[in-house]
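Residue numbers (the working numbering), protein chains in the order written: chain H, 1387 to 1750; chain R, 1387 to 1750.
Here a beta-carbon is modelled for each residue, glycine too, at the ideal position from N, C-alpha and C.
Notes follow once the structure below has been shown.
2 protein chains.
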Amino acid sequence: MGRMERRPAGANLAGLRDHNAALVLGLLRASAEGGSRVQLAAQTGLTPQAVSKIVGRLLADGLVVEAGRGESTGGKPRTLLALRPEAGCAVGIELDRRRSTILVLDLAGTTLRRRSVDIGLASGEPERVVGALAKRVSQAVRAAPDGAKVLGVGVGCRGPLDYETGTLHRPAGLPAWDGFPLRGLLEESLDVPNVLLDKDTNVAALAAPAAVSGSTAYLHLADGLGAGLLLNGAVHRGARTNAGEFGHQVLQPDGPQCTCGARGCLEALCMAALADDDPQTAARWLGVGAANLVRLLDIDRILLGGHQIFASPDVYPRAVADQIAEHLPEPEWQSVRVSLTPAGASAVAVGAAQLVIDSALGGI
Amino acid sequence: MGRMERRPAGANLAGLRDHNAALVLGLLRASAEGGSRVQLAAQTGLTPQAVSKIVGRLLADGLVVEAGRGESTGGKPRTLLALRPEAGCAVGIELDRRRSTILVLDLAGTTLRRRSVDIGLASGEPERVVGALAKRVSQAVRAAPDGAKVLGVGVGCRGPLDYETGTLHRPAGLPAWDGFPLRGLLEESLDVPNVLLDKDTNVAALAAPAAVSGSTAYLHLADGLGAGLLLNGAVHRGARTNAGEFGHQVLQPDGPQCTCGARGCLEALCMAALADDDPQTAARWLGVGAANLVRLLDIDRILLGGHQIFASPDVYPRAVADQIAEHLPEPEWQSVRVSLTPAGASAVAVGAAQLVIDSALGGI
DNA sequence: CGAGTTAAGCAACACTGTTGGCAAAGCGCA
DNA sequence: TGCGCTTTGCCAACAGTGTTGCTTAACTCG
């Protein structure tokens, strides 16, 4: 089943072509303005002629269109190229025990359709839930524009889970789902090329305009506290998709008991403050943890999400930024931007769809 | 000067060739046994014929030799291939204010020569220190076997520094070195193709047999406490080479004052315990921090180094392993190996040389 | 209006890995 | 010993990549 081969892979001409095509698409996706062939050549290091050939293939595939002309810089003006958003779409699913969200994104990241529903994750049998999901996805896909290629389906779900195999791993309170081949069955039911299952926090980190460089951490404060790590632009999952256990760093070895068994976990401290209806204190603790994270991983950007964050949207960004500034030795050298996730409450579903788009457009 | 382009790079045929050659070399380097062409084909996903061509080029370059035959598996026995260790060498330098180490490694990682000397880092002018270093490197290179290509020079140094530009950034107590073009000048003085400057903790993480998969953290407890992170096999540096600030995670917001200004940093707690001549307590604190790290990044292996570790080599690995086992929810699922760095006190210098070898053999 | 400049395309090319066929070198059984 | 079978590795022809050298298109400037 292993779609993802961790092993180092040999590259051939087809891989070379796809790699360069993905590179060009990625650059066009990053800059809303679009770019010309010469610009792409400069950015990729390829010769202009090679870019011309690559762009020619992308034009033939309908992924890219010529969009007018730029200003002249003394000679023939540049022909601007732009991604054609309606050339493809991806489905993103936030799978939650209470309320699941299913949405469709086009290549530009615009939401074409969004529905929320209780899919019966906790009550129903896994097979039935997959069937219901498949039905909802089929409905959603019909919202895609004519000729839009469905690139795949992304599912964001609370962990633990295994990204490689696409299965949940001992999910709390859902014994029937342990090891259940969620991704595999979804793939079979849907007849869609690309089905991916990842942790909610991991995909939520993707639901923001891609930073050109550097690393981003998404902090999710809801029923629990977790993080999604985008290190040098790529999701860091770890060998067991276990990375991002941000909430269980011990910050007070003699602190309050946490559900995980330890004492003084960051999550326990935040939750205790929230139970006291004291988001200020929770935000300060979150900031201490964020500062630890920033120093450990040299993070450039922090995104905040989860319903506890949105309950006090003015409190958290400021408190977190303050703590980071206080703990960094040189805040002017490493300036960390802290903000709410732009996708708001849909961050997980949007990010799940973005994961698919990234994989399809950026993959080998 | 930017040798390292962070920007995504277009790939051409030369890049394809080098990539595949590096892949084959890496596999031969990883398995001491060596391997045959068919094995390499299976591991890389390339066709046997492609591997034959690649190996042919490597044989012509003298990087690889045919080393006997394997057992037959029912047909013609496999021709074993092995890396030729004496085909190349790399110089590794641990640059320290008290005692610097300069050594030469062959491709197999065997130390051919090692010298330690006070290079006068704190007292001398930077230019003079670079001159002295260049002289020592030239002497060391003469120890290389005839025909061995000198792949480059790696320098491991205490941070903060900038890997991209190869300069130190406001090193404590060494104002003359701030922004001094250490790498650039060394490169000019030495006439060696590849000079790299990296943090001591980062390179030390490389001074161990490469893990086939997963992530490694090297924890360095000496005058300070830092970490080197090998995430999915690659050093994670962050945009400012600032990652690895492991010692300044706050573990006790009302704890002892740290030199960094904060209170209750892990480093301050460890140092306080060591000042009380209590390595057991220091080791337990280190373990708490390590457990946080393992949960956050899904680490597979922990390596310990630094002279405080070697002062009590029996205490630390056990205490760290115990803390990790205690804090992990499923120790049997994520089993973390904890050990002393096999390179011992030479870990930084060995790792610096390994960084060069990795770059030369594995780079584009 | 012509010279200069920049953008993009055409044709020939060098080089990659791939495919199909074949020789070499062992094993196993009659 | 002889023969068939399997596995390994190489030779030759091939498809397809980016590269090079040159040409055409389109605009600015004097």
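Partners in chain R for residue i, counting only beta-carbon separations shorter than 7 Å
| i | result |
| --- | --- |
| Leu1617 of chain H | Leu1617, His1622 |
| His1405 of chain H | Ala1397 |
| Leu1409 of chain H | Pro1394, Gly1396 |
| Ala1661 of chain H | Near Ala1661 of chain H there are no residues of chain R at all, since even the closest Cβ is about 19 Å away, more than 7 Å. |
| Glu1558 of chain H | Reading the sequence as shown, one finds Ala at residue 1558 of chain H and not Glu. Near Ala1558 of chain H there are no residues of chain R at all, since even the closest Cβ is about 10 Å away, more than 7 Å. |
Environment of residue i [buried if 16+ CB atoms lie within 10 Å]
| i | result |
| --- | --- |
| Trp1563 of chain R | buried |
| Gly1542 of chain R | buried |
| Val1734 of chain H | buried |
| His1634 of chain H | buried |
| Arg1704 of chain R | exposed |
| Glu1391 of chain H | Because Glu1391 of chain H sits at a pLDDT of 42, beneath the cut-off of 50, its placement in the model cannot be relied upon, and the point is left open. |
| Glu1480 of chain R | buried |
| Lys1585 of chain H | buried |
| Val1503 of chain H | exposed |
| Thr1487 of chain H | buried |
| Pro1579 of chain R | exposed |
| Gly1388 of chain H | Here Gly1388 of chain H scores only 37 on pLDDT, less than 50, and its place in the model should not be relied on; the value that follows carries that caveat. Burial call: exposed. |
| Ile1750 of chain H | For Ile1750 of chain H, the predicted structure reports a pLDDT of 39, less than 50, and the residue's modelled location is therefore unreliable. A value from the coordinates is still provided. Exposed is the call here. |
| Trp1671 of chain R | buried |
| His1693 of chain R | exposed |
| Gly1730 of chain H | exposed |
| Pro1531 of chain H | exposed |
| Thr1602 of chain H | buried |
| Pro1394 of chain H | buried |
| Ser1422 of chain R | buried |
| Gly1442 of chain H | exposed |
| Ala1427 of chain R | buried |
| Ala1407 of chain H | buried |
| Leu1399 of chain R | exposed |
| Gly1460 of chain H | exposed |
| Arg1485 of chain R | exposed |
| Ser1732 of chain H | buried |
For residue i: DSSP bridge partner residues
| i | result |
| --- | --- |
| Asp1663 of chain R | DSSP output for Asp1663 of chain R lists no bridge partner at all. |
| Gly1421 of chain R | R:Leu1467 |
| Ser1502 of chain H | H:Thr1487 |
| Leu1690 of chain H | H:Leu1605, H:Leu1726 |
| Thr1553 of chain R | R:Asp1548 |
| Cys1651 of chain R | R:Val1636 |
| Cys1656 of chain H | According to DSSP, Cys1656 of chain H bridges with nothing at all. |
Within chain R, partners of residue i - CB distance below 8 Å
| i | result |
| --- | --- |
| Val1674 of chain H | Val1636, Pro1639 |
| Arg1681 of chain H | Asn1628, Glu1631, His1634, Gln1635 |
| Ala1400 of chain H | The contacting residues do not exist; Ala1400 of chain H stays about 11 Å from chain R at best. |
| Ala1412 of chain H | A small fix is needed here, since residue 1412 of chain H is Gly in this sequence, not Ala. What Gly1412 of chain H touches in chain R: Pro1394. |
| Leu1432 of chain H | Gly1396, Asn1398 |
| Ala1654 of chain H | Here the premise fails: no neighbours, minimum Cβ distance about 13 Å. |
Closer than 9 Å at the beta carbon, the chain R residues around residue i
| i | result |
| --- | --- |
| Ala1648 of chain H | Ala1677, Glu1712, His1713 |
| Ala1752 of chain H | As displayed, chain H neither begins before 1387 nor continues past 1750, which places residue 1752 of chain H out of reach and without an answer. |
Residue i: contacting residues in chain H (beta-carbon distance under 8 Å)
| i | result |
| --- | --- |
| Asp1777 of chain R | The structure shown does not extend to residue 1777 of chain R, since chain R is modelled only from 1387 to 1750, so the question has no answer here. |
| Ala1697 of chain R | The premise fails here: Ala1697 of chain R is roughly 24 Å from chain H at the closest Cβ pair, so nothing lies under 8 Å. |
| Asp1744 of chain R | Ordered by position in chain H, no residue passes the 8 Å Cβ test against Asp1744 of chain R, which lies about 13 Å from the chain. |
| Ala1418 of chain R | Under the 8 Å cutoff, chain H gives no residues; its nearest Cβ is about 18 Å from Ala1418 of chain R. |
Interface residues of chain H facing residue i [CB-CB closer than 9 Å]
| i | result |
| --- | --- |
| Asp1548 of chain R | Within chain H, no residue comes near Asp1548 of chain R; the closest Cβ sits about 10 Å away, beyond 9 Å. |
Contact list for residue i against chain H, beta-carbon separation under 7 Å
| i | result |
| --- | --- |
| Ala1453 of chain R | The contacting residues do not exist; Ala1453 of chain R stays about 22 Å from chain H at best. |
| Ala1658 of chain R | Here the premise fails: no neighbours, minimum Cβ distance about 14 Å. |
Margin query: Ignoring anything shorter than 3 residues, give me the beta strand (DSSP E) runs that lie fully in the stretch 1559-1646 of chain R, in order along the chain.
Written below: With a minimum length of 3 residues, the continuous beta strand (DSSP E) runs that stay inside the stretch 1559-1646 of chain R are 1581-1585, 1602-1607, 1611-1617.
Notebook entry, point to check: Given a limit of 8 Å on CB to CB distance, which residues of the stretch 1631-1645 of chain H reach chain R?
Noted result: Answer set for the stretch 1631-1645 of chain H: Glu1631, Phe1632, His1634, Gln1635, Val1636, Leu1637, Gln1638, Pro1639.
Item checked: Contact residues within the stretch 1587-1608 of chain H, judged by C-beta distance below 8 Å to chain R -> Within the stretch 1587-1608 of chain H, the qualifying residues are Ser1599, Gly1600, Ser1601.
Next item on the list: With a floor of 3 residues, list each beta strand (DSSP E) that falls wholly inside the stretch 1435-1498 of chain H, ordered by position along the chain.
Entry: Runs of the beta strand (DSSP E) lying entirely within the stretch 1435-1498 of chain H and spanning at least 3 residues, in chain order: 1450-1455, 1465-1469, 1474-1481, 1486-1492.
Item checked: Contacting positions in the stretch 1702-1735 of chain R - beta carbon closer than 9 Å to chain H -> Closer than 9 Å at the C-beta level to chain H, one finds these residues of the stretch 1702-1735 of chain R: Glu1712, His1713, Pro1715, Glu1716, Trp1719, Gln1720.
Notebook entry, point to check: Just by C-beta distance, which residues in the stretch 1562-1587 of chain R are closer than 8 Å to chain H?
Noted result: Of all residues in the stretch 1562-1587 of chain R, none has a C-beta nearer than 8 Å to a C-beta of chain H.
Check: Of all the alpha helix (DSSP H) runs that stay within the bounds of the stretch 1509-1541 of chain R, which reach a length of 4 or more residues?
Finding: Within the stretch 1509-1541 of chain R, the alpha helix (DSSP H) runs of at least 4 residues that lie entirely inside it are, in chain order, 1512-1527.
Next item on the list: Check distances from the C-beta atoms of the stretch 1684-1696 of chain R to those of chain H and list, in chain order, the residues that come in under 8 Å.
Entry: Those residues of the stretch 1684-1696 of chain R that come within reach of chain H (Cβ to Cβ, closer than 8 Å) are Asp1684, Ile1685, Asp1686.
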